[in-house]
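Below is one structure, written out as structure tokens, with a few remarks after it.
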Amino acid sequence: MNNDTRSYDRYDINIDANFRDASGRLISSHSGYIDAEILRPGSSRRVVTSTAGIFNHGKDNLVINGPGSISNFQEGILNREVNGLNISSIILENNDIGYSMTNSTNIGIQQNIIKNNNVGIGSNSSLRVNVVSNPITGNLLTGITFLNSNGSDISMNNIDGSQNSIFLDEQSSDLMGLMVRLFITGY
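Residues 298 to 484, numbered by the working numbering, are exactly what the sequence shown covers, in order.
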């Protein structure tokens, strides 16, 4: 975060973020500039500002509601050990992983644009993840990856332009409760 100790330059990005709980009550608000300069030409100094556009560890029953765009991070949105999170109307693009979750429950990902990441959505050891009505396009490796994740609904998504549209590991192969209804077009 630029704390006004130096002048702003072309690498500074203005951010405004409001975080609300499931009832719509404002939890926190952040605004300011982050220095997004990764490597200045001719410099050996590497500045790492964040690996995630939004990181949530253990904050339950949150809503991330756009419009908004998150791009050029390792994870656009990263959740760990969360119970209850809904994400809608967000563009997740040009990240390594658009949306990543681990050990999370009751997650809703609906009506987002998830494009041009290496992995669109990644779920590890999570339960009841509902991925509904998202265009998931141009993600290099997979549109959706579930590892040890069950009891989920993947429905009405348009997945296009990935080497693997959906990848489920053996621990996710118990498809009891996993409903897959989507449109898949060729790579």
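Positions of the beta carbon are idealized from the N, C-alpha and C atoms, including for glycine.
(request) Spatial neighbours of isoleucine 361 within its chain, please: CB distance less than 8 Å, with the 5 preceding and 5 following residues excluded, ordered by chain position. (result) Phe316, Ile351, Ile374, Leu382, Asn383, Ile384, Ser385, Ile387
(request) Report yes if the C-beta distance between isoleucine 410 and asparagine 392 is below 9 Å; otherwise report no. (result) no
(request) State the DSSP-derived secondary structure class of serine 420, mapped to helix, strand or coil. (result) strand
(message) Looking at serine 423: is its Cβ nearer than 9 Å to the Cβ of threonine 442?
(response) no
(message) Given a cut-off of 9 Å on the beta-carbon distance, is the pair serine 449 and serine 420 in contact?
(response) yes
(message) Tell me the residue span of the beta strand (DSSP E) that contains aspartate 457.
(response) 450 to 457
(request) Locate the beta strand (DSSP E) running through serine 397, then write down its first and last residues. (result) 394 to 399
(message) Between leucine 389 and asparagine 414, how many whole angstroms is the CB-CB distance? I'm expecting something under 8 Å.
(response) 7 Å
(request) Using three-state DSSP, classify glutamate 378 as helix, strand or coil. (result) coil
(request) Answer yes or no: do glycine 294 and serine 462 have a C-beta to C-beta separation smaller than 9 Å? (result) Residue 294 lies beyond the range of the chain shown here (298 to 484); nothing can be said about it.
(message) Looking at aspartate 457: is its Cβ nearer than 9 Å to the Cβ of isoleucine 418?
(response) no
(request) Consult DSSP for glutamine 460 and reduce its assignment to one of helix, strand or coil. (result) coil
(message) Taking the straight line between their C-alpha atoms, what separation do you get for lysine 356 and asparagine 376?
(response) 9 Å
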